[in-house]
Structures are given as C-alpha cells and as structure tokens.
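**Q**
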Amino acid sequence: MDRTVVIGTRVPVFALHGHNNCPTCGASQWNVGRVIAECACCGDTLPINNAVRPTHLLTRPGIAA
Numbered sequence: 006m007d008r009t010v011v012i013g014t015r016v017p018v019f020a021l022h023g024h025n026n027c028p029t030c031g032a033s034q035w036n037v038g039r040v041i042a043e044c045a046c047c048g049d050t051l052p053i054n055n056a057v058r059p060t061h062l063l064t065r066p067g068i069a070a
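Start counting at 1 in the sequence shown, then tack on 5, and there's your number in our numbering.
1. Would you list the one or two residues that DSSP bridges to L51?
2. DSSP state of N25, grouped into three classes?
3. Decide if N25 is buried, meaning its Cβ has at least 16 other Cβ atoms within 10 Å, or exposed.
4. Helix, strand or coil: which one does DSSP assign to V37?
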C-alpha cells in the first residue's frame with residue numbers, strides 16, 4: 006500500500022467509538038493497541054484518532070509517579 010500523502014487530502018484514522026472499515030480490504034475486524042489499530046484480515050494499520058483521549062495526565066500532590 007502506498008503511504009504517500011498529498012497535501013489537501015485526509016489521512017484515514019481509526020475512530021475508537023465508531024464503525025471502522027479497512028481502507029484496503031473493507032473488513033471491520035480490528036486488533037486495537039494503544040497507538041495503532043491493525044486490520045485482522047489484511048494487516049493494514051491505521052493510527053488511532055486522539056480526539057477521544059485525554060490530552061494530559063491528572064497529577065496529585067504527594068503521590069510519587
């Protein structure tokens with residue numbers, strides 16, 4: 006699969022709370038990790054959309070990290 010991105014086009018991403026079809030084979034079964042989702046049928050990968058994830062970590066005083 007060609008991964009070249011032309012300026013002005015949208016890059017497909019995996020939406021955590023949506024229906025996702027693979028852009029390569031059209032399947033909807035995914036192995037979801039922390040950063041990427043992999044199609045269970047063809048192995049193509051998509052980055053996970055960060056819009057639904059927290060952008061910062063909650064810190065509490067007095068608790069060691």
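Every residue gets a Cβ at the ideal spot worked out from N, C-alpha and C, and that includes glycine.
**A** Quick answer:
1. Residue mapping note: residue 51 aligns to position 46 of the sequence shown, counting from 1. A42.
2. Position 20 of the sequence shown, counting from 1, holds the residue named residue 25. Collapsing the DSSP output to three states places N25 in coil.
3. Here the question's residue 25 lines up with position 20 in the sequence shown. Here N25 is buried. Its C-beta has 16 or more other C-beta atoms within 10 Å.
4. The count along the sequence shown starts at 1 and reaches residue 37 at position 32. In the structure shown, V37 sits in a strand (DSSP, three-state: E or B).
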